[in-house]
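Q: Just so you know, we're using the working numbering here: the sequence shown kicks off at 14 and counts up by one. Idealized CB from N, CA, C, for every residue including glycine. Small disclaimer: the values here were computed from a predicted structure and weren't measured. So that we are looking at the same thing, I have put the structure below in structure tokens.
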Amino acid sequence: MFYEILAALLSYASGGVRNGADVLIKTAFIMIAGPYGPLVFGAVVVGASIWLIRRDIRANGRDLKPRIFGGMALESLAMALVFGTVVGTLTAQVLSPFAIATDGPLQSMGWATQLMVSLGAGIYEELLFRVVLVSALALFAQRVLRLRTVPTGIFAVVTGAFIFSAFHYIGPYGDPLELGSFVYRMIGGIVFSAMFLLRGFGITAWTHALYDVRLLVF
14 MFYEILAALL
24 SYASGGVRNG
34 ADVLIKTAFI
44 MIAGPYGPLV
54 FGAVVVGASI
64 WLIRRDIRAN
74 GRDLKPRIFG
84 GMALESLAMA
94 LVFGTVVGTL
104 TAQVLSPFAI
114 ATDGPLQSMG
124 WATQLMVSLG
134 AGIYEELLFR
144 VVLVSALALF
154 AQRVLRLRTV
164 PTGIFAVVTG
174 AFIFSAFHYI
184 GPYGDPLELG
194 SFVYRMIGGI
204 VFSAMFLLRG
214 FGITAWTHAL
224 YDVRLLVF
């Protein structure tokens with residue numbers, strides 16, 4: 014909600030800039046439903062969320078507990094604080110010396126616009142690249158390539174991470190293509206995929222968003 018509110022408030026000042034994954038997802042809905050595409054997308058997200066919550070409550074026999082969400086927030090914050098160090102260390106092991114990325118077009122925009130895009134990255138990039146893309150790649154590997162469970166997981170995670178990294182260099186607001194930043198993001202994509210499989214979408218999305226916000230603030 015905070016991302017969508019910021020995007021609406023900044024639509025004139027930022028020239029309509031939004032997170033790239035958000036644009037891709039909503040463009041697909043616009044192709045189906047025309048100008049009502051974003052509204053249909055919002056209805057699908059809200060409806061699916063309500064259905065999933067109701068199903069979870071029925072299956073586990075318990076109500077939503079605020080302390081669980083508090084714990085998730087703290088876990089995501091902790092992971093966001095160590096994410097850069099872990100991925101940076103792994104990248105340095107792959108590339109020596111480690112290449113430092115230069116600023117892209119987005120870094121020249123206002124702080125509020127960068128905050129909006131950072132928040133959108135957690136929600137929409139994880140939804141697109143982990144929930145949709147990795148799942149689709151896994152299904153492709155199983156049904157078409159006839160791979161077993163472990164090779165399927167490796168194929169889906171690594172291929173998804175490659176596409177996730179390449180996505181950041183596409184379009185007018187893409188970063189300059191550099192080996193160091195590409196490998197860094199690819200390793201980050203693998204870590205996010207592992208986090209998604211082990212800890213679920215909520216923590217992964219918040220970790221990604223908080224990590225991007227941490228980069229912006231510090």
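Give me the Cα-Cα distance between Phe214 and Ile38, rounded to the nearest whole angstrom.
A: One C-alpha to the other measures close to 17 angstroms.
Q: So, with DSSP's three-state summary, where would you put Met14?
A: Reduced to three states, the DSSP call for Met14 is coil.
Q: Answer yes or no: do Glu139 and Thr217 have a C-beta to C-beta separation smaller than 8 angstroms?
A: yes
Q: Does the Cβ of Val57 have 16 or more other Cβ atoms within 10 Å, making it buried, or fewer, making it exposed?
A: exposed
Q: Helix, strand or coil: how does DSSP classify Asn73 here?
A: helix
Q: Looking only at its chain, what residues have a beta carbon closer than 8 angstroms to the beta carbon of Phe111, apart from the 5 residues adjacent to it on each side?
A: Low per-residue confidence applies at Phe111: pLDDT is 49, beneath 50, and the placement is therefore not dependable enough to give any value.
Q: Measuring CB to CB, does Tyr16 end up less than 8 angstroms from Gly173?
A: no
Q: Would you identify the three-state DSSP class for Phe168, choosing helix, strand or coil?
A: helix
Q: Is the region 140 to 152 touching the region 169 to 188 in the sense that three or more CB pairs, one from each, lie closer than 8 angstroms?
A: yes
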